[in-house]
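For what it's worth, the working numbering labels the leading residue of the sequence shown as 46, then goes sequentially.
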Amino acid sequence: MSGSELVFHTNPMSRGRIVRWMLEELGVEYRTVVQEYGTGMKSAEYLAVNPMGKVPALQHRGVVVTEAAAICAYLADAFPQAGLAPAPEDPLRGPYLRWMFFAAGPVEAAVTARALDRLPPAEKAGFVGYGSYEQAMDVLEQAAAAASPWLLGERFSAADVYVGSQVDFGLFFKSVPERPAFTAWAERLRAREAYRRARALDDALLPSTD
46 MSGSELVFHT
56 NPMSRGRIVR
66 WMLEELGVEY
76 RTVVQEYGTG
86 MKSAEYLAVN
96 PMGKVPALQH
106 RGVVVTEAAA
116 ICAYLADAFP
126 QAGLAPAPED
136 PLRGPYLRWM
146 FFAAGPVEAA
156 VTARALDRLP
166 PAEKAGFVGY
176 GSYEQAMDVL
186 EQAAAAASPW
196 LLGERFSAAD
206 VYVGSQVDFG
216 LFFKSVPERP
226 AFTAWAERLR
236 AREAYRRARA
246 LDDALLPSTD
């Protein structure tokens, strides 16, 4: 592996689909390494890349980045010519980071807790960062409703990739309520050429059902 090569570790049945979409939006060259559950992901070789033994993970310029939100943010900054992240001095940098971290933190935690039937009782809501599942969804809906057409207005960004993926996946798996603001934003995202390319690439890697 050369120092500047982008190596993308993924599995088509994982959050790696988010990073694949991000890479396709960038339009850069990268090499895909598919890691299998329970074997490749837990191998000594891969654990040296990501000790958590999960995907996605990215290797670039001697750096390893894990966690889908962090990878999207890293790639947007590493390839500024794609225009997928506001510069530090840009006032849009604040909303960009806000929604990225909101989706990676409160939204992810609330959706997971609900799926596992581990939501806290109302009197304990203050102990968790998302408060309640309903509150997290209401705030996420505010962001989606304001996306005109994207989270940062006319400018598409890595926040649309990451936060939008949470909504897109959530609608498919019924972990996010089907509200007009969510479905409208998801439809706009699904119409993007990079989204479609990424989906086709990942679908082609799915195990055959024959």
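Glycine included, C-beta positions come from ideal geometry on N, C-alpha and C.
> How many angstroms separate the CA atom of Ala123 from the CA atom of Val108?
Replying inline: 12 Å
>> For Ala114 and Ala167, which I take to be in contact (beta-carbon distance under 8 Å), what is that distance rounded to the nearest angstrom?
In response: Not quite, the Cβ-Cβ distance comes to about 29 Å (not below 8 Å), so this is no contact.
> If you count every other CB in all the chains shown that lies within 10 Å of the CB of Gln126, and 16 or more means buried, which is it?
Replying inline: Exposed is the call here.
> Mind checking Gly139: buried by the 16 CB within 10 Å criterion, or exposed?
Replying inline: exposed
> Should the stretch 161-175 be regarded as contacting the stretch 204-223, the criterion being three or more beta carbon pairs within less than 8 Å?
Replying inline: no
> Thinking C-beta only, is Pro57 closer than 7 Å to Leu250?
Replying inline: yes
> For Val152, which of helix, strand or coil comes out of DSSP?
Replying inline: helix
> Enumerated in chain order, which unbroken segments of the alpha helix (DSSP H) with a length of 4 residues or greater are wholly contained in the stretch 171-227?
Replying inline: 178-191, 203-218
> Based on Cα-Cα distance, which residue from Leu246, Arg233, Tyr207, Tyr91 lies nearest to Val152?
Replying inline: Tyr207
> What residues are listed by DSSP as bridge partners for Ala102?
Replying inline: His54, Thr111
>> If I follow the unbroken alpha helix (DSSP H) through Arg76, where does it start and stop?
In response: Taken as a continuous stretch (DSSP letters only), Arg76 belongs to no alpha helix (DSSP H), being part of the beta strand (DSSP E) at 76-79.
> So is Phe217 buried or exposed if we call it buried at 16+ other beta carbons inside 10 Å?
Replying inline: exposed
> Buried or exposed: where does Gln180 fall if 16 or more other Cβ atoms within 10 Å of its Cβ makes it buried?
Replying inline: exposed
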